[in-house]
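Data first, discussion second: the structure below is written as structure tokens.
In my numbering, the protein residues as written are 225 to 354.
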């Protein structure tokens, strides 16, 4: 199930401007990583596979971020913000198996950078005109 989700994640990452996309297993190990944030940090996302989530989430964010993954593994979808060097909007969803068990999590994070704010403003202006 996680491999199929990683394939979908790769397709999603190529079409959607996402800062961070992760497929995480229940042991909090990264199974797949993509997104623009890794290049800005000087990391190849392919090198993150197999690493623990706790290794890449800044230690100062562990208490705020990691409990969301526990909730996701219990079947909840979580949306939250986090701040490190920028503000991020995060969505973490469970990856269910065919039998309903939760295999892992798909995490998406979007930074609220100036570029995203400009895109949002352009969409709002277009909607106002229509």
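Cβ coordinates follow ideal geometry from the N, Cα and C atoms, glycine included. Just so you know, these numbers come straight off a predicted model, no measurement behind them.
Cut-off 8 Å between Cβ atoms - residues of its own chain near residue i, not counting five sequence neighbours on either side
| i | result |
| --- | --- |
| residue 336 | 310, 311, 312 and 313 |
| residue 262 | 244, 268, 269 and 272 |
| residue 301 | 315, 316, 317 and 318 |
| residue 281 | 289 and 290 |
| residue 296 | 302, 316, 317, 318, 326 and 329 |
Close beta carbons around residue i, own chain, < 7 Å, minus the five adjacent residues each side
| i | result |
| --- | --- |
| residue 334 | 242, 243, 312, 313 and 340 |
| residue 252 | 276, 277, 278 and 293 |
Cβ neighbour criterion (16 or more within 10 Å) applied to residue i
| i | result |
| --- | --- |
| residue 293 | buried |
| residue 332 | buried |
| residue 255 | buried |
Straight-line Cα distance separating residue j from residue i
| i | j | result |
| --- | --- | --- |
| residue 249 | residue 323 | 16 Å |
| residue 286 | residue 307 | 12 Å |
| residue 316 | residue 346 | 27 Å |
| residue 343 | residue 284 | 30 Å |
| residue 354 | residue 348 | 10 Å |
| residue 274 | residue 298 | 22 Å |
Host beta strand (DSSP E) of residue i (start-end)
| i | result |
| --- | --- |
| residue 255 | 254-258 |
| residue 288 | Taken as a continuous stretch (DSSP letters only), residue 288 belongs to no beta strand (DSSP E), being part of the alpha helix (DSSP H) at 286-297. |
| residue 317 | 311-320 |
Contacts around residue i, its chain only, beta-carbon distance under 6 Å, and the 5 residues preceding and following it disregarded
| i | result |
| --- | --- |
| residue 257 | 246, 269 and 272 |
Residue range of the unbroken alpha helix (DSSP H) whose run includes residue i
| i | result |
| --- | --- |
| residue 277 | 277-280 |
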